[in-house]
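Chemist: Residue 222 in my numbering sits at position 222 of the sequence shown, and the numbers go up by one each step.
Idealized CB from N, CA, C, for every residue including glycine.
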Amino acid sequence: MSDVLLTGLKIGESARWHEHRLWLANWGTRQVLAVDLDGNAEVMATAPTTLPFSIDWLPDGRLLVVAGPEGRLLRQEADGSLTDHADLTGLGAGLNEIVVTGRGDIYVNGGTDFHPGAGEAPGFVALIRADGSVRRVADGLAFPNGMAVTPDEGTLIVSESFAGRLTAFDIRPDGTLTGRRVWAPLPGDGIVLDAEGAVWTPGWTERGPACLRVAEGGEVLATVPLDRAGFACTLGGEDGRTLFTLAADWRMADGFEDNLERLLTGPETGQVCTARAPAAHAGHP
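#1: Give the single residue among Leu37, Val272, Gly110, Leu58 whose Cα lies nearest to the Cα of Glu160.
#2: What do you reckon, is the C-beta of Phe231 under 8 Å from a heavy atom of the ligand SAM?
#3: On the premise that Pro202 lies in contact with Gly190, defined as a C-beta separation below 8 Å, what is that separation, rounded to the nearest angstrom?
#4: Does Thr176 come out as helix, strand or coil in the three-state DSSP assignment?
#5: With the cut-off set at 9 Å, would you say Ala229 and Trp250 are in Cβ contact?
#6: Please classify Asp194 as buried or exposed, where buried requires at least 16 neighbouring CB atoms within 10 angstroms.
#7: Going by beta carbon distance, what residues of the same chain come within less than 6 Å of Thr242, once the five residues before and after it are set aside?
#8: In angstroms, rounded to a whole number, what distance separates the CA positions of Ala45 and Leu127?
#9: From Pro116 to Leu91, what distance separates their C-alpha atoms?
#10: Below 9 Å between beta carbons: does that hold for Val43 and Leu33?
#11: Using CA atoms only, rank isn't needed, just tell me which of Asp258, Glu257, Ala248, Val224 is closest to Thr269.
#12: Can you tell me the Cα-Cα spacing of Glu153 and His281, whole angstroms?
#13: Quick check: the Cα distance between Pro278 and Thr89, rounded to an integer number of angstroms?
#14: Going straight from the alpha carbon of Arg180 to that of Thr155, what length do you get?
#15: So what's Thr234 in DSSP terms, helix, strand or just coil?
#16: Over the uninterrupted beta strand (DSSP E) stretch that includes Glu42, give me the two end residues.
#17: So the beta strand (DSSP E) Ala247 belongs to, where does it begin and stop?
#18: DSSP three-state call for Gly102: helix, strand or coil?
#19: Taking just the CA atoms, how far does Arg213 sit from Arg276?
Encoded structure:
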């Protein structure tokens with residue numbers, strides 16, 4: 001079982017290890033938080049949006065925030081203000097997650113539909129390059145969620161939450177995606193890679209919610225039980241081997257809207273949980 005580092009979150013999402021602290025998007029409060037290893041939280045930005053919103057950084061250290069409902073990609077300036085980083089109006093609203101590669105290519109996904117029709121998969125991945133160009137590079141995803149890029153920057157892995165799988169693409173030198181394939185036939189949310197090539201993802205077991213360490217192909221290598229549903233995870237700490245999982249009360253028997261309303265307006269059940277991992281963080285984010 002994991003340890004609890006922080007309580008009192010609405011819904012914690014978009015977990016990132018950055019500058020010796022855990023960063024996260026605290027949905028419901030619109031705040032980007034940085035949390036140290038003693039559980040002290042500092043507000044680093046307030047996003048002009050509701051949910052979803054997610055975070056990552058440019059190679060020069062500037063914070064990026066995806067304002068999902070508005071379809072905007074915001075960049076934090078030195079004075080703390082947020083300004084539009086690129087024009088994403090052609091993509092439409094409903095953006096979700098972000099990952100930035102070491103060379104500065106930005107991937108965002110969206111087209112999220114909480115009630116898709118049978119056989120529909122309206123989700124996509126878009127690429128934003130340093131010159132400001134924006135284009136879709138993948139379509140037909142069933143609720144694209146967390147993403148990760150391998151250390152060699154040759155593969156992008158996307159959680160397709162409604163399809164119950166992790167999907168991989170080859171990344172070409174120009175940032176476009178090819179070679180779509182199932183990386184693992186397991187559902188995922190906010191994911192992170194480790195130095196042995198495994199993916200950590202929130203998930204479920206017969207005993208309840210857990211954070212799972214998964215090998216390519218789907219073998220579950222390790223399981224960290226949780227007492228509530230996990231939404232995102234990352235690896236960090238001084239040696240990169242602390243697993244941070246963002247969890248909150250989610251009742252599988254209830255509908256999506258009921259769960260979301262309870263999380264946003266009811267008791268603050270969101271937590272940051274920690275456990276030791278067998279391998280250090282790797283890749284992006």
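Modeler: Taking the definition as stated:
#1: Among Leu37, Val272, Gly110, Leu58, the Cα nearest to that of Glu160 is on Gly110.
#2: As for the ligand SAM, it is missing from this structure, which has no ligand bound.
#3: So it is a contact: roughly 7 Å between Cβ atoms.
#4: Here DSSP, grouped into helix, strand and coil, assigns Thr176 to coil.
#5: Cβ atoms of Ala229 and Trp250: closer than 9 Å.
#6: Burial call: buried.
#7: Answer for Thr242: Gly236, Thr274, listed in chain order.
#8: Each residue's Cα considered, the two are about 24 Å apart.
#9: Residue confidence is low: Pro116 scores 48 on pLDDT, short of 50, so the model does not pin down where it sits. No coordinate-derived value is stated.
#10: Yes, Cβ-Cβ distance for Val43 and Leu33 is below 9 Å.
#11: Residue nearest to Thr269 within the set Asp258, Glu257, Ala248, Val224 is Ala248 (criterion: CA-CA distance).
#12: Taking the straight line from one Cα to the other gives about 15 Å.
#13: Rounded to the nearest angstrom, the two C-alpha atoms are 42 Å apart.
#14: Straight-line Cα distance between these residues: approximately 10 Å.
#15: Strand.
#16: In this chain, the beta strand (DSSP E) harbouring Glu42 covers 41-46.
#17: Residues 242-248.
#18: Note: Gly102 maps to coil in three-state DSSP.
#19: Our two residues, Arg276 and Arg213, have alpha carbons roughly 12 Å apart in a direct line.
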